[in-house]
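**Student:** The sequence shown begins at 466 in this note's numbering and counts up one residue at a time.
C-beta atoms are modelled at their ideal positions from N, C-alpha and C, and glycine is treated no differently.
Okay, handing you the structure first.
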Amino acid sequence: MKVMIRKTDAGLSAYVPKKDLEEPIIGVENEELWGGSITLRNGWRLVLPDLPRDTPLPITVEARKISDED
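Right, dumping it as structure tokens:
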């Protein structure tokens with residue numbers, strides 16, 4: 466699924482256009498963000514592609530949903 470990752474005043478946020486859903490990122494598997502999973506406030510866990518550490522934000526990437534705690 467397409468996911469836009471961006472920085473907000475409160476931290477990192479993920480927006481899923483197909484679901485019109487924007488949630489704060491509350492957990493990251495890898496310190497550099499890319500190539501690991503992230504956890505959204507609503508419980509979703511998404512795997513992000515492996516991108517360079519200095520990839521500028523905002524960016525839209527193809528992520529894979531691996532968990533839905535809702």
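If you compare alpha carbons, which of Val468, Ile491 and Ile490 is closest to Tyr480?
**Tutor:** For this step, residue 480 is matched to residue 15 along the sequence shown. Checking every option, the nearest Cα to that of Tyr480 belongs to Val468.
**Student:** Just to check my reading of the structure: Thr504 and Ile524 have Cβ atoms closer than 8 Å, yes? What is that Cβ distance to the nearest angstrom?
**Tutor:** Taking the first residue of the sequence shown as position 1, residue 504 is located at position 39. Taking the first residue of the sequence shown as position 1, residue 524 is located at position 59. With 8 Å as the limit, Thr504 and Ile524 do not qualify as a contact, their Cβ atoms being about 19 Å apart.
**Student:** Anyone know if the C-beta pair for Trp499 and Asp515 falls short of 7 Å?
**Tutor:** In the sequence shown, residue 499 corresponds to position 34, counting from 1. In the sequence shown, residue 515 corresponds to position 50, counting from 1. Contact flag set, yes.
**Student:** Using the C-alpha atoms, what's the distance from Pro482 back to Asn507?
**Tutor:** As a first step, residue 507 must be located in the sequence shown, where it is residue number 42. As a first step, residue 482 must be located in the sequence shown, where it is residue number 17. Taking the straight line joining both Cα atoms gives about 16 Å.
**Student:** Are the CB atoms of Lys530 and Leu513 within a distance shorter than 7 Å?
**Tutor:** The sequence position of residue 513 within the sequence shown is 48, counting from 1. The sequence position of residue 530 within the sequence shown is 65, counting from 1. No. Outside cutoff.
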